[in-house]
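Reviewing the structure listed below.
2 protein chains.
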Amino acid sequence: MLKYQKIANEIEHYIYHNNLSQGTKLPTVENFASKYGVSKSTIVKALDLLVLKGIVYQLQGSGIFVRRRNRSGYIDLNTTAGFTSTLKDFNISSKVLDFKLINPDSEIATFLECDISDEVYMVKRIRYINNEIMCYEESYYKKSVVPYLNKEIVQGSIFEYLKTALNLNLGFSDRYFHIEKLDETLAKLLELNVGDPTLNISEQVYLSSGLLFNFSKISYHYKHTQFYSQSSAIR
Amino acid sequence: MLKYQKIANEIEHYIYHNNLSQGTKLPTVENFASKYGVSKSTIVKALDLLVLKGIVYQLQGSGIFVRRRNRSGYIDLNTTAGFTSTLKDFNISSKVLDFKLINPDSEIATFLECDISDEVYMVKRIRYINNEIMCYEESYYKKSVVPYLNKEIVQGSIFEYLKTALNLNLGFSDRYFHIEKLDETLAKLLELNVGDPTLNISEQVYLSSGLLFNFSKISYHYKHTQFYSQSSAIR
Numbered sequence: 010m011l012k013y014q015k016i017a018n019e020i021e022h023y024i025y026h027n028n029l030s031q032g033t034k035l036p037t038v039e040n041f042a043s044k045y046g047v048s049k050s051t052i053v054k055a056l057d058l059l060v061l062k063g064i065v066y067q068l069q070g071s072g073i074f075v076r077r078r079n080r081s082g083y084i085d086l087n088t089t090a091g092f093t094s095t096l097k098d099f100n101i102s103s104k105v106l107d108f109k110l111i112n113p114d115s116e117i118a119t120f121l122e123c124d125i126s127d128e129v130y131m132v133k134r135i136r137y138i139n140n141e142i143m144c145y146e147e148s149y150y151k152k153s154v155v156p157y158l159n160k161e162i163v164q165g166s167i168f169e170y171l172k173t174a175l176n177l178n179l180g181f182s183d184r185y186f187h188i189e190k191l192d193e194t195l196a197k198l199l200e201l202n203v204g205d206p207t208l209n210i211s212e213q214v215y216l217s218s219g220l221l222f223n224f225s226k227i228s229y230h231y232k233h234t235q236f237y238s239q240s241s242a243i244r
Numbered sequence: 010m011l012k013y014q015k016i017a018n019e020i021e022h023y024i025y026h027n028n029l030s031q032g033t034k035l036p037t038v039e040n041f042a043s044k045y046g047v048s049k050s051t052i053v054k055a056l057d058l059l060v061l062k063g064i065v066y067q068l069q070g071s072g073i074f075v076r077r078r079n080r081s082g083y084i085d086l087n088t089t090a091g092f093t094s095t096l097k098d099f100n101i102s103s104k105v106l107d108f109k110l111i112n113p114d115s116e117i118a119t120f121l122e123c124d125i126s127d128e129v130y131m132v133k134r135i136r137y138i139n140n141e142i143m144c145y146e147e148s149y150y151k152k153s154v155v156p157y158l159n160k161e162i163v164q165g166s167i168f169e170y171l172k173t174a175l176n177l178n179l180g181f182s183d184r185y186f187h188i189e190k191l192d193e194t195l196a197k198l199l200e201l202n203v204g205d206p207t208l209n210i211s212e213q214v215y216l217s218s219g220l221l222f223n224f225s226k227i228s229y230h231y232k233h234t235q236f237y238s239q240s241s242a243i244r
């Protein structure tokens with residue numbers, strides 16, 4: 010992590026730690042620079058990053074202000090790498106339905122951009138939020154990138170394991186959303202009725218090196234999930 | 010727009026104009042600096058912005074590489090300010106069902122953070138994608154920020170008008186997503202059946218000054234819409 014990224018994290022913690030509300034004016038660049046003992050240009054870069062992350066907004070000539078979302082309990086669509094970290098206030102758990110090392114079929118191989126002779130970890134889980142069904146998830150990990158997984162690990166946060174135990178640098182992800190009616194298989198898994206609505210997300214996750222290593226299909230329980238996304242006009 | 014933002018846009022255009030594919034290595038920082046006649050630090054800042062926008066990724070020591078999504082025809086959830094600009098390849102049109110200046114009810118006043126005695130433009134539209142129903146949209150604009158709208162304007166892209174005619178600086182937005190079953194009113198508007206799935210999005214849009222000026226409720230047609238979102242691990 011670069012210095013300005015580290016400072017950005019510290020300023021973000023400062024905002025949450027002090028529970029600053031929407032529109033609160035932050036200290037000046039000069040104040041932050043002396044507080045953290047870094048140059049003004051590092052603070053400017055850190056604040057630019059926080060603008061892009063939607064944590065603050067800058068009003069030229071007036072200062073820097075806090076941006077806070079109004080509602081809690083929403084799954085953040087802006088964050089890569091699972092939602093365990095974005096739902097800290099909730100009890101997230103998993104039931105593993107299937108876990109094994111397989112050769113992917115041609116559909117999975119296409120989405121994982123690998124060969125059908127490659128080895129791939131397959132994980133099928135029901136995920137729970139506060140003991141209610143949140144989603145059904147089928148996830149595939151290239152063994153060439155994720156050399157080891159076991160049933161105990163996949164019961165928890167797989168991405169946490171990838172980051173901390175395997176020391177992988179997660180990069181970015183592409184997510185594709187479709188609103189659909191549940192078929193019989195999914196309805197049974199989510200304990201809903203055939204034809205009930207669901208949000209299906211296909212996700213491809215890349216290392217920071219640009220290497221695609223994970224493909225997942227997730228079907229969300231429409232009564233137990235809600236989502237949040239923020240954007241900035243700069244995008 | 011700051012210089013590095015302008016350069017970031019030019020590099021983004023360069024990628025699309027040359028139709029560079031995923032993983033293509035870009036010129037070096039030095040090359041870009043001399044090409045655009047700016048300092049290396051401006052290029053570095055522009056590239057940082059493009060990393061955050063998901064346009065490129067950087068591999069320390071190896072260079073900068075193009076990131077391209079794999080599928081087209083998806084509505085981009087990362088962009089503020091309507092989808093007309095994110096669906097350039099499609100024919101987007103609107104049928105205005107209702108347009109008037111009103112005093113908001115207490116629900117709308119709450120979401121717009123205004124008083125029920127304030128004046129607010131209300132726009133109800135069906136939006137079409139390639140002549141198929143894309144969504145039903147109810148949108149509310151504070152008259153104190155958007156002093157003039159008419160039926161002709163709201164038939165097109167309202168955000169384009171706000172930016173170009175009213176010269177407003179759009180800032181950022183908060184979006185809340187719920188998967189729901191269509192009730193009778195919405196089913197009729199979308200020409201679907203009661204109980205069919207829909208994605209409901211509530212959106213609050215802010216000026217870059219942090220002033221909330223627009224609240225919308227949008228219900229998407231599940232057969233004619235699909236969505237895309239990308240994230241970077243830095244977030």
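As you go down the protein sequences, you meet chains W and R in turn.
The working numbering applies: residue 10 is where the first sequence begins, and numbers increase by one.
The working numbering applies: residue 10 is where the second sequence begins, and numbers increase by one.
Glycine included, every Cβ here is placed at the ideal spot set by N, Cα and C.
Residue i - DSSP class collapsed to helix/strand/coil
i: W/TYR13; result: helix
i: R/TYR23; result: helix
i: W/THR93; result: Its pLDDT being 48, under 50, W/THR93 is placed unreliably by the model, and the measurement read from it follows with that caveat. Residue state, collapsed to three classes: helix.
i: W/ILE162; result: helix
i: W/GLU193; result: helix
i: W/GLU169; result: helix
i: R/TYR149; result: strand
i: R/ILE52; result: helix
i: R/VAL203; result: coil
i: R/VAL60; result: helix
i: R/LEU216; result: strand
i: R/ASN28; result: coil
Unbroken beta strand (DSSP E) run spanning residue i, endpoints
i: R/GLN65; result: According to the sequence displayed, residue 65 of chain R carries Val and not Gln. Segment 65-68, the beta strand (DSSP E) holding R/VAL65.
i: R/ASP183; result: 179-190
i: R/VAL105; result: 101-111
i: W/GLY245; result: A query on residue 245 of chain W cannot be resolved here, the shown segment of chain W reaching from 10 to 244 and no further.
Residue range of the unbroken alpha helix (DSSP H) whose run includes residue i
i: W/TYR45; result: 38-45
i: W/PHE120; result: 115-121
Residues that DSSP places opposite residue i in a beta bridge
i: R/CYS144; result: R/ARG136 and R/TYR229
i: W/ASN176; result: In the DSSP output, where bridge partners are listed per residue, W/ASN176 has none listed.
i: R/SER211; result: R/TYR185 and R/LYS226
i: W/GLN239; result: R/ASP183
i: W/LEU221; result: W/TYR215
i: R/LEU84; result: Before going further, note that residue 84 of chain R is Ile rather than Leu in the sequence given. Note: R/ILE84 sits in a beta bridge opposite R/PHE236.
i: W/TYR130; result: W/LEU110 and W/TYR150
Given 8 Å, three or more beta-carbon pairs between the region 162-169 of chain R and the region 109-117 of chain R: no
Three CB pairs or more closer than 8 Å across the region 223-241 of chain R and the region 175-189 of chain W: yes
Touching by the beta-carbon criterion (3+ pairs, under 8 Å), the region 218-232 of chain W and the region 147-154 of chain W: yes
Near-chain W residues of the region 177-192 of chain R - C-beta to any C-beta below 8 Å: ASN178, LEU179, GLY180, PHE181, SER182, ASP183, ARG184, TYR185, PHE186, HIS187, ILE188, GLU189 and LYS190
Interfacial residues, the region 156-173 of chain W to chain R, with Cβ spacing under 8 Å: none
Three CB pairs or more closer than 8 Å across the region 194-214 of chain W and the region 48-65 of chain W: no
Stretch pair the region 124-134 of chain R + the region 66-75 of chain R: three plus CB contacts closer than 8 Å: no
Residues in the region 29-60 of chain W having any Cβ partner in chain R nearer than 9 Å: GLN31, GLY32, SER50, LYS54, ASP57, LEU58 and VAL60
The region 208-219 of chain W touching the region 213-222 of chain R, judged by at least three CB pairs closer than 8 Å: no
Residues in the region 217-238 of chain W having any Cβ partner in chain R nearer than 8 Å: SER217, SER218, GLY219, TYR229, TYR231, THR234, GLN235, PHE236, TYR237 and SER238
Interface residues of the region 106-126 of chain W facing chain R [CB-CB below 7 Å]: none
Touching by the beta-carbon criterion (3+ pairs, under 8 Å), the region 153-164 of chain R and the region 102-109 of chain R: yes
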